[in-house]
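Residue numbers (our numbering), protein chains in the order written: chain C, 49 to 534; chain W, 16 to 279.
Here's the structure we're looking at; comments come further down.
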Amino acid sequence: MSERPNILFINTDQQSWNAVSAYGNPYLHTPNIDRLHRNGTSFMRSYCSDPVCAATRSSWATGLYTSETGVPFNGGYMHEEIQDIGQVLNANGYKAFHCGKWHVPGRNVRESFHTLYYGKHDIGAGGGEYYDSASTHAVIDFLTTYDGDAPFYLQIGYLNPHDVCEYLHNHEEKRIPNPLQQGIITEEELPPLPENFHYDESETVLQQVCRRTDDALIHSAILNGVRDWDEFHWRYLIWNYYRFIEKVDAEIGIVLNVLQQTPFCDDTVIIFSADHGEACGSHQMFQKFTLYEESIRVPFIVSCLGDDVPVQKNRFDREHFISGVDLVPTVYDYAGIDAVDTVQVNRCDAPRLGGMSVRPLAEGGGIPWREYAYVESNYWGRAVVADRYKYVTEYKPADPEDFRPPGPDASRLGRAQLFDLQEDPWETQNLASQSGYEDVIDRCRANLLAQEDRLNRWQIEHPNPRNVISNWGGRLRTEWGGLSTS
Amino acid sequence: MNNSERLHWSFDYNYGAQKPQFTEQLVETFLRFYAEPKTDRISAETTEHIYDIFPNYWRGYAIGEHRQDNLSLGQTIIKRQQTDDAHWHYAIEYTNRTSGEDLQLRFHTANDLYRSLAGKWYVHAQNDCQDSYSTFACEGERVADEIRLTLNHAEITVGCIQKDVPFTCNWALFDVIPAFSRTIQGSGEVVEMVLLEDLEKLRPVNRIGFLESIQLHETQLDGYYLYGEGLLPSYWWLDMHGNVAISANFFQTLVLREIVGGSA
Numbered sequence: 049m050s051e052r053p054n055i056l057f058i059n060t061d062q063q064s065w066n067a068v069s070a071y072g073n074p075y076l077h078t079p080n081i082d083r084l085h086r087n088g089t090s091f092m093r094s095y096c097s098d099p100v101c102a103a104t105r106s107s108w109a110t111g112l113y114t115s116e117t118g119v120p121f122n123g124g125y126m127h128e129e130i131q132d133i134g135q136v137l138n139a140n141g142y143k144a145f146h147c148g149k150w151h152v153p154g155r156n157v158r159e160s161f162h163t164l165y166y167g168k169h170d171i172g173a174g175g176g177e178y179y180d181s182a183s184t185h186a187v188i189d190f191l192t193t194y195d196g197d198a199p200f201y202l203q204i205g206y207l208n209p210h211d212v213c214e215y216l217h218n219h220e221e222k223r224i225p226n227p228l229q230q231g232i233i234t235e236e237e238l239p240p241l242p243e244n245f246h247y248d249e250s251e252t253v254l255q256q257v258c259r260r261t262d263d264a265l266i267h268s269a270i271l272n273g274v275r276d277w278d279e280f281h282w283r284y285l286i287w288n289y290y291r292f293i294e295k296v297d298a299e300i301g302i303v304l305n306v307l308q309q310t311p312f313c314d315d316t317v318i319i320f321s322a323d324h325g326e327a328c329g330s331h332q333m334f335q336k337f338t339l340y341e342e343s344i345r346v347p348f349i350v351s352c353l354g355d356d357v358p359v360q361k362n363r364f365d366r367e368h369f370i371s372g373v374d375l376v377p378t379v380y381d382y383a384g385i386d387a388v389d390t391v392q393v394n395r396c397d398a399p400r401l402g403g404m405s406v407r408p409l410a411e412g413g414g415i416p417w418r419e420y421a422y423v424e425s426n427y428w429g430r431a432v433v434a435d436r437y438k439y440v441t442e443y444k445p446a447d448p449e450d451f452r453p454p455g456p457d458a459s460r461l462g463r464a465q466l467f468d469l470q471e472d473p474w475e476t477q478n479l480a481s482q483s484g485y486e487d488v489i490d491r492c493r494a495n496l497l498a499q500e501d502r503l504n505r506w507q508i509e510h511p512n513p514r515n516v517i518s519n520w521g522g523r524l525r526t527e528w529g530g531l532s533t534s
Numbered sequence: 016m017n018n019s020e021r022l023h024w025s026f027d028y029n030y031g032a033q034k035p036q037f038t039e040q041l042v043e044t045f046l047r048f049y050a051e052p053k054t055d056r057i058s059a060e061t062t063e064h065i066y067d068i069f070p071n072y073w074r075g076y077a078i079g080e081h082r083q084d085n086l087s088l089g090q091t092i093i094k095r096q097q098t099d100d101a102h103w104h105y106a107i108e109y110t111n112r113t114s115g116e117d118l119q120l121r122f123h124t125a126n127d128l129y130r131s132l133a134g135k136w137y138v139h140a141q142n143d144c145q146d147s148y149s150t151f152a153c154e155g156e157r158v159a160d161e162i163r164l165t166l167n168h169a170e171i172t173v174g175c176i177q178k179d180v181p182f183t184c185n186w187a188l189f190d191v192i193p194a195f196s197r198t199i200q201g202s203g204e205v206v207e208m209v210l211l212e213d214l215e216k217l218r219p220v221n222r223i224g225f226l227e228s229i230q231l232h233e234t235q236l237d238g239y240y241l242y243g244e245g246l247l248p249s250y251w252w253l254d255m256h257g258n259v260a261i262s263a264n265f266f267q268t269l270v271l272r273e274i275v276g277g278s279a
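In structure tokens form, the structure reads like this:
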């Protein structure tokens, strides 16, 4: 085995864990992601650190949770003291390359990486139709010409299926006729409505203010555009979503085919994941920004097309909880870099990497592992997913706002949801207010607070995210104020 | 032009107060071309259709460059020439300021309704962004059932198709759909084929069918849809002379701006 293999991190944008044909989804065809699975291990309990692009990507870049990076939502701004994966790898014998989507505000990708392609006007959140094919071309150009002495780390940020957001924006102001009635598509082709199409009306206040009310903080124009969608519209959304995934799967296929023809094939470890999922009608929701499984659970595959990198092939790992913060320690493990030394900051409360290397698990070994996944969302939202129970909660906004990401503080916790994922994998029955679950909630809450006690949540200083926190916090305080007086 | 005018849903990408307005720009290009009466097919050795590219997307993401006076992101030129009784040669130039990547595609087809790919084909991409990627080259051919590509210097097989299955490139659809239009429209049937998207990606299951006819500023347009695996639906609007006047896929709408050498 190569001591320092090349590392290829392929990521898609907004792909839920179950949107892969190798995992049994009959409504789409992903032969190339399937190929990664056949040549590697699929971790079926993989969760993003935060279900929105910039936030989770700040975790990919640092190995830290989003309350630590300075990017707890799309409008965040990365703390400048934190080293990113490109800087660390470049300083430790690797050559780090980036291609495609980056979307980590506050960090110039061209300063941290050698960039192959980043768009004519810097790639933003979306645009897979324009950028993904060009990214593939750039990667082919790289793979067929790279002759550097150093092993490479290459991260390819594909934008699709994020373009499903464009599909949704298209419906802000218009309706399309039913293609079923027009005979364009058949009933058999349309995926069914998800089993959890209906939603829990006792969701957190944060979720309601961000995603449910007419003046929702996040994409209210879409919300109001889809309010009167019928069953067909939701099913057609899912159908379209799967086409976006097939598009990006084809791009991945070309990269894999070319890699196989290069000298790098045998000693390149491939990590595949997505930044977050897509609700796709579950809980009558669209996009991400929620703590339901469809939004936070993502594919995570460690693979190698050749034989020089030991990876258990064609295997499902349904046991271990993987987090988006695990990418960095996994890459550092393969690169032979001591992860402890990588976070250099000019503060005494230096953060520690929250993640763990997945490499031993991919090799089939057993090591002590975390017992739950911890996920943050929309600054105040939190989830802990354990073997059986999933606990979702929120922090009430501080008053006055201190711009320090909340936690651990039991006194500020707001509403909660509790789901029994064994009995109710679709999260349709909120058990939080039912008797008999008090002990379960206590344990979940204790896990949440213990996890947060290990985080270093620096005060957010940049004015842009401060504005977001002020505006959103104001709305939340108003909402909580109304609840306390009613 | 009244901004409140709604275009057909398949190419209606106006977003509220965004400027410039999609409707206004599309109709302006459309009317500039269709203001003059068109004649039927003109005999010409080479025919070029030139299209403006308009963005279908919500510009909250600030993708690409948006000038205040012109929404067009670039242009597509579809140039074809009948080389002999049995073959056509196509040259496609796709220039889009958003990606920074200009594509040139060259391919031959049989002189059949499907414009079946024949011989070798070529893609050349030029990137003018500031990053390291500058050029990309692809050469492809069908060898028995296999679709083989040489990408820079790497030889790969992107898939297999059976010999008797219609097989063409998405850019030939500008002639394929007109060729099948009367058959499809009259019968309600669909035409199925394998597509090689941009001469690189194999899309094995696709169908083209008739959508409906509309009037756009007194010009009759007949609409067709393309549905397939790995593709978002696209909608093709033909004028009465068989020119694709508007082609709307998921992310962009092509609007016919000019024909050089007569209508195909």
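No residue lacks a Cβ here, since even glycine has one placed at the ideal position from N, Cα and C.
Please read these numbers as outputs of a predicted model, since none were measured by experiment.
Alpha-carbon spacing of residue i relative to residue j, whole angstroms
| i | j | result |
| --- | --- | --- |
| residue 163 (chain C) | residue 201 (chain C) | 12 Å |
| residue 309 (chain C) | residue 219 (chain C) | 43 Å |
| residue 172 (chain C) | residue 112 (chain W) | 15 Å |
| residue 160 (chain W) | residue 431 (chain C) | 51 Å |
| residue 173 (chain W) | residue 348 (chain C) | 25 Å |
| residue 23 (chain W) | residue 71 (chain W) | 13 Å |
| residue 120 (chain C) | residue 344 (chain C) | 14 Å |
| residue 92 (chain C) | residue 214 (chain W) | 35 Å |
| residue 301 (chain C) | residue 405 (chain C) | 26 Å |
| residue 279 (chain C) | residue 38 (chain W) | 30 Å |
| residue 202 (chain W) | residue 225 (chain W) | 9 Å |
| residue 60 (chain C) | residue 101 (chain W) | 43 Å |
Where residue i falls, given that 16 or more other Cβ within 10 Å makes a residue buried
| i | result |
| --- | --- |
| residue 417 (chain C) | exposed |
| residue 366 (chain C) | exposed |
| residue 423 (chain C) | buried |
| residue 494 (chain C) | exposed |
| residue 95 (chain W) | buried |
| residue 325 (chain C) | buried |
| residue 240 (chain C) | exposed |
Reduced DSSP category for residue i - H, G, I as helix; E, B as strand; rest coil
| i | result |
| --- | --- |
| residue 161 (chain C) | coil |
| residue 23 (chain W) | coil |
| residue 53 (chain C) | coil |
| residue 213 (chain C) | helix |
| residue 184 (chain W) | strand |
| residue 96 (chain C) | coil |
| residue 129 (chain C) | coil |
| residue 336 (chain C) | coil |
| residue 249 (chain W) | strand |
| residue 124 (chain C) | coil |
| residue 34 (chain W) | coil |
| residue 233 (chain W) | coil |
| residue 353 (chain C) | coil |
| residue 240 (chain C) | coil |
Contact set for residue i: own chain, Cβ-Cβ below 6 Å, skip 5 residues either direction
| i | result |
| --- | --- |
| residue 521 (chain C) | 445 and 449 |
| residue 467 (chain C) | 438 and 475 |
| residue 412 (chain C) | 360 |
| residue 242 (chain C) | 329 and 330 |
| residue 50 (chain C) | 315 and 356 |
| residue 312 (chain C) | 54 |
Proximal residues to residue i (C-beta, below 8 Å), its chain only, five neighbours per side dropped
| i | result |
| --- | --- |
| residue 527 (chain C) | 253, 256 and 257 |
| residue 145 (chain C) | 161, 162, 163, 164, 190, 200, 201, 202 and 203 |
| residue 170 (chain W) | 163 and 164 |
Own chain, CB closer than 7 Å to residue i, minus 5 neighbours either side, in chain order
| i | result |
| --- | --- |
| residue 220 (chain W) | 243 and 244 |
| residue 194 (chain W) | 128 |
| residue 135 (chain C) | 160 |
Taking Cβ-Cβ distances below 7 Å as the criterion, which residues of the stretch 235 to 247 of chain W are in contact with chain C?
Considering only beta carbons, the part of the stretch 235 to 247 of chain W lying closer than 7 Å to chain C consists of 240, 242, 244, 245, 246 and 247, in chain order.
Using a Cβ-Cβ cut-off of less than 7 Å, give me the residues of the stretch 130 to 142 of chain W that come near chain C, in sequence order.
For the stretch 130 to 142 of chain W, residues whose beta-carbon sits nearer than 7 Å to a beta-carbon of chain C comprise 140 and 142.
What are the residues in the stretch 86 to 116 of chain W lying within 9 Å of chain C by C-beta distance?
Listed in sequence order: 88, 111, 112, 113, 114, 115 and 116.
What residues in the stretch 75 to 89 of chain C have a beta carbon less than 8 Å from any beta carbon of chain W?
Near chain W, meaning a CB-to-CB distance below 8 Å, the residues of the stretch 75 to 89 of chain C are 77.
Residues, ordered as in the chain, of the stretch 175 to 198 of chain C that lie near chain W by beta-carbon distance below 9 Å
Of all residues in the stretch 175 to 198 of chain C, those with a C-beta nearer than 9 Å to a C-beta of chain W are 175, 176, 177, 178, 179, 181, 182, 183, 184, 185, 186, 187, 188, 189, 190, 191, 192 and 193, reading in chain order.
Could you name the residues of the stretch 34 to 51 of chain W whose beta carbon sits closer than 7 Å to any beta carbon of chain C, in the order they occur along the chain?
Listed by position, the residues of the stretch 34 to 51 of chain W near chain C (Cβ gap below 7 Å) amount to none.
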